[in-house]
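One structure is given below, encoded as structure tokens.
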Amino acid sequence: ELKVEQNPLFLSMQEGKNYTIYCNYSTTSDRLYWYRQDPGKSLESLFVLLSNGAVKQEGRLMASLDTKARLSTLHITAAVHDLSATYFCAVVPWAGNMLTFGGGTRLMVKP
Amino acid sequence: EAGVAQSPRYKIIEKRQSVAFWCNPISGHATLYWYQQILGQGPKLLIQFQNNGVVDDSQLPKDRFSAERLKGVDSTLKIQPAKLEDSAVYLCASSFGTGQETQYFGPGTRLLVL
Numbered sequence: 397e398l399k400v401e402q403n404p405l406f407l408s409m410q411e412g413k414n415y416t417i418y419c420n421y422s423t424t425s426d427r428l429y430w431y432r433q434d435p436g437k438s439l440e441s442l443f444v445l446l447s448n449g450a451v452k453q454e455g456r457l458m459a460s461l462d463t464k465a466r467l468s469t470l471h472i473t474a475a476v477h478d479l480s481a482t483y484f485c486a487v488v489p490w491a492g493n494m495l496t497f498g499g500g501t502r503l504m505v506k507p
Numbered sequence: 002e003a004g005v006a007q008s009p010r011y012k013i014i015e016k017r018q019s020v021a022f023w024c025n026p027i028s029g030h031a032t033l034y035w036y037q038q039i040l041g042q043g044p045k046l047l048i049q050f051q052n053n054g055v056v057d058d059s060q061l062p063k064d065r066f067s068a069e070r071l072k073g074v075d076s077t078l079k080i081q082p083a084k085l086e087d088s089a090v091y092l093c094a095s096s097f098g099t100g101q102e103t104q105y106f107g108p109g110t111r112l113l114v115l
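Protein sequences appear in the order of chains E and W. Quick note on the numbering used here: the first sequence kicks off at 397 and runs consecutively. Quick note on the numbering used here: the second sequence kicks off at 2 and runs consecutively.
Rendered as structure tokens:
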């Protein structure tokens with residue numbers, strides 16, 4: 397059974413600071429997704445990472461994938477309040493189609 | 002382009018009652034998914050359709066949950082009878098295919114079972 401673990405589960409940070417969210421998964425995969433969820437809202441797709449070494453950036457967020465380590469990171473640069481949300485990573489195993497989500501990282505950026 | 006539509010947005014029922022949720026995917030998307038998201042957790046896949054056929058329903062509690070997608074477009078998810086632990090947000094998502102395409106999520110139906 398595929399397990400996806402994120403850490404930290406909760407992150408409170410000051411505006412302007414940098415931080416990294418980690419996503420570990422337990423089986424071979426070359427498809428990893430990052431989603432954002434605002435309170436009471438649905439999930440918004442941020443990044444799709446499809447190969448080892450893939451790196452994608454959008455604004456203050458940058459995601460990377462290391463399939464050998466079974467690890468993805470979501471790096472936040474110079475955080476702003478608007479980034480406050482819950483971030484989920486989700487993985488599709490190499491021999492399957494089911495998307496399995498991590499437990500989420502709740503990010504709170506304080507002014 | 003219109004997104005994934007779901008209704009109702011909120012539903013409160015008593016345990017042992019039945020409830021149904023409706024989803025209309027993005028036009029042209031062949032694959033439709035139903036997820037259950039319990040408060041504080043990530044979404045869990047319940048069932049995946051490719052057109053009107055079931056691709057994966059391994060995590061669907063079939064003794065009380067059922068889903069259908071008769072014409073390969075809209076879908077309904079039913080719970081009968083509901084239990085307290087079914088309280089959750091039920092999310093519908095769709096994608097163009099089942100390969101590397103991103104899944105796009107609807108706003109969800111928030112269910113409270115009393």
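Yeah, the Cβ is synthetic: ideal placement off N, Cα and C, and Gly gets one too. The structure presented is a predicted model; accordingly, all values stated were derived computationally and were not measured.
Using a CB distance below 7 Å, the part of the segment 469-499 of chain E facing chain W consists of 484, 493, 494, 495, 497, 498, 499, ordered along the chain.
Secondary structure at residue 434 (chain E): coil, using DSSP grouped into helix, strand and coil.
Taking a cut-off of 8 Å on C-beta distances, the segment 4-24 of chain W touches the segment 82-92 of chain W, as three or more cross pairs fall below it. In the DSSP annotation of this structure, the continuous segment of the beta strand (DSSP E) that includes residue 462 (chain E) starts and ends at 457-462. Ranked by how close their Cα comes to the Cα of residue 455 (chain E), the residues E:499, E:463, E:443, E:462 have E:443 in first place. By the criterion of a C-beta distance shorter than 8 Å, residue 489 (chain E) is surrounded in its chain by 398, 423, 424, 425, 496, once the five residues flanking it on both sides are discounted. If you check the CB distance, residue 486 (chain E) and residue 418 (chain E) do not come in under 8 Å. Residue 104 (chain W) and residue 441 (chain E) have their C-alpha atoms roughly 8 Å apart.
Cβ contact annotation for residue 447 (chain E) (same chain, cutoff 8 Å, sequence separation greater than five): 426, 461, 463, in chain order.
Residue 429 (chain E) has a beta carbon lying within less than 8 Å of a beta carbon in chain W. If you compare the alpha carbons of E:449, E:474, E:479, E:500 with that of residue 467 (chain E), the shortest gap goes to E:449.
By the CB criterion at 8 Å, residue 77 (chain W) and residue 32 (chain W) fall outside the cutoff. For residue 79 (chain W), the enclosing beta strand (DSSP E) starts and ends at 76-80.
In terms of beta-carbon proximity, residue 451 (chain E) stays away from the interface with chain W, with every pair separated by 8 Å or more. When DSSP reads this structure, residue 57 (chain W) sits in a beta bridge with W:49.
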